[in-house]
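Asks: The numbering of the sequence shown is the working numbering, which starts it at 29 and goes up by one. Glycine included, every Cβ here is placed at the ideal spot set by N, Cα and C. First the structure, then my questions, so here it is.
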Amino acid sequence: MAFSRGKSDRPQRRRRAFVSRKKYCRFCADSSIKIDYKDVRLLRYYISEKGKIVPKRISGTCSSHQRELTTAIKRARNIALLPFAQMVSKPM
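Here's what the structure looks like:
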């Protein structure tokens, strides 16, 4: 039984190009924002639902500010301002 490897009978679908926005570091753009371990509202933005620190390729922060964020989050966790892990409810 032979199969043709040429063009198929189905029409070709064009994939839409996904255009993502340019990610930028919020701390470099606005120098008035300071990273502090006591600022829980700011730090929660950089923590996932499961309690993990969001990587810089997703958050868009630069390397130096990502290092500052991780140390601030770890300090806030140690003094119990932030949880180490979030409670995830399992569907029944």
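(1) Locate the alpha helix (DSSP H) running through I107, then write down its first and last residues.
(2) Applying the criterion that 16 or more other CB atoms from any shown protein chain within 10 Å of the CB defines a buried residue, is T99 buried or exposed?
(3) Given this structure, state the Cα-to-Cα distance separating G88 from R54, to the nearest angstrom.
(4) Looking at C-alpha atoms only, which residue of H93, K118, A113 and S117 is the closest neighbour of S59?
(5) Counting C-beta neighbours from all protein chains within 10 Å, is the total for Y73 16 or more, i.e. buried, or is it exposed?
(6) For K51, which residues from the same chain have a beta carbon less than 7 Å from its beta carbon, with the 5 sequence-adjacent residues on both sides left out?
(7) How should I61 be labelled, buried or exposed, when 16 other C-beta atoms within 10 angstroms of its C-beta is the threshold for buried?
Replies: A quick look at the data gives this:
(1) Here I107 belongs to no alpha helix (DSSP H), and DSSP marks it neither H nor E.
(2) The residue in question, T99, is exposed, as its Cβ has fewer than 16 Cβ neighbours within 10 Å.
(3) Answer to the nearest angstrom: the Cα atoms are 8 Å apart.
(4) Distances from the CA of S59 to each of H93, K118, A113 and S117 were compared; the closest alpha carbon is that of H93.
(5) Flag for Y73 reads exposed.
(6) Correct list, in chain order: G88.
(7) Answer is exposed; the Cβ neighbour count stays below 16.
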